[in-house]
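Chains as they are written, first to last, in my numbering: chain A, 21 to 132; chain B, 16 to 127.
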């Protein structure tokens, strides 16, 4: 049972480069999320998808775009990376309204 | 901006003692409350969730919720060195069960 799978695990980008972080879950969950975690800032919500076909902004959406490709997959795109986007990115999913989040293992992104 | 506040710590307790972790939240409409444990360099993992006022016990862990005081806590009995981690409080926010807001976490150290 893989749960939530994120790729890649590590990435180094130069300022201005673009990339897409991939996330897939095999738990048949309806809702999927992207968080970033920075020292002293905790986990902050970037975007979420309450159900297939919908996406909404979270607390820190600027500089990011998302795509809910199907029920399983939710990707996060950085169009023009900036050093301020250096962070650990977590994808998560959950089944129904009050249920807990299940996290992937994270992507450690460095932008130089 | 709905907030979730935790003491950053570090909280240091001797092995075998009770560790008490506290969390306050600002959104009176919050209905779902979660405690996650995060080891250094790893993703958050769910410890407990609580929806109703009162106590909920699971093994060595007890979650306590007081909605009137907007306060949720986690007690860890018989603390072990393996409990040393950062503990994250998460609360649904913004009138939505889809969005979870996380506190910045409390670092717990259990000394042998």
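From the three backbone atoms N, C-alpha and C, an ideal C-beta is built for every residue, glycine too. On a predicted model such as this, the values are computed, not experimentally measured, just so you know.
May I ask you to report which of helix, strand or coil DSSP gives residue i?
i: residue 59 of chain B; result: coil
i: residue 57 of chain A; result: strand
i: residue 98 of chain B; result: helix
i: residue 23 of chain B; result: coil
i: residue 37 of chain A; result: coil
i: residue 46 of chain B; result: coil
i: residue 69 of chain A; result: strand
i: residue 105 of chain A; result: helix
i: residue 33 of chain B; result: coil
i: residue 22 of chain A; result: coil
Under 9 Å Cβ-Cβ, which residues of chain B neighbour residue i?
i: residue 61 of chain A; result: 119
i: residue 78 of chain A; result: 114
i: residue 103 of chain A; result: Within chain B, no residue comes near residue 103 of chain A; the closest Cβ sits about 21 Å away, beyond 9 Å.
May I have the straight-line CA-CA distance separating residue i from residue j, to the nearest angstrom?
i: residue 125 of chain B; j: residue 99 of chain B; result: 5 Å
i: residue 25 of chain B; j: residue 48 of chain B; result: 22 Å
i: residue 113 of chain A; j: residue 68 of chain A; result: 9 Å
i: residue 15 of chain A; j: residue 98 of chain A; result: Nothing can be reported for residue 15 of chain A: it is not among the residues displayed for chain A, which extend from 21 to 132.
i: residue 25 of chain A; j: residue 71 of chain A; result: 18 Å
i: residue 8 of chain B; j: residue 54 of chain B; result: No answer is possible for residue 8 of chain B: it lies beyond the span of chain B, which begins at 16 and ends at 127.
i: residue 85 of chain B; j: residue 79 of chain B; result: 11 Å
i: residue 66 of chain A; j: residue 31 of chain A; result: 19 Å
i: residue 131 of chain A; j: residue 31 of chain B; result: 43 Å
Output needed for residue i: all residues of its chain with C-beta closer than 6 Å, excluding positions within five of it in sequence on either side, in chain order.
i: residue 18 of chain B; result: 41
i: residue 42 of chain A; result: 27, 95
i: residue 46 of chain A; result: 22
i: residue 45 of chain B; result: 106, 107
Residues in its own chain within less than 7 Å of residue i by CB, not counting five upstream and five downstream?
i: residue 107 of chain A; result: 56, 57, 58, 129
i: residue 68 of chain B; result: 80, 81, 82
Assign residue i to one of two classes, buried (16 or more other C-beta atoms within 10 Å of its C-beta) or exposed (fewer than that).
i: residue 94 of chain A; result: buried
i: residue 116 of chain A; result: exposed
i: residue 89 of chain A; result: exposed
i: residue 52 of chain A; result: buried
i: residue 107 of chain B; result: buried
i: residue 52 of chain B; result: buried
i: residue 105 of chain A; result: buried
i: residue 33 of chain B; result: exposed
i: residue 66 of chain B; result: exposed
i: residue 95 of chain B; result: exposed
i: residue 121 of chain B; result: buried
Quick one: which chain A residues come within Cβ less than 8 Å of residue i?
i: residue 58 of chain B; result: 110, 123, 124, 125, 126
Who are the neighbours of residue i on chain B, taking C-beta pairs under 8 Å?
i: residue 107 of chain A; result: Correct list: empty, because the minimum Cβ distance to chain B is about 14 Å.
i: residue 51 of chain A; result: 113
Could you tell me which chain A residues have their CB closer than 7 Å to the CB of residue i, listed as they occur along the chain?
i: residue 64 of chain B; result: 120
Output, in chain order, the set of chain B residues within a Cβ distance shorter than 7 Å of residue i.
i: residue 70 of chain A; result: 113
Find the residues of chain A that neighbour residue i, judging by a C-beta separation of less than 9 Å, and give them in chain order.
i: residue 61 of chain B; result: 120, 121, 122, 123
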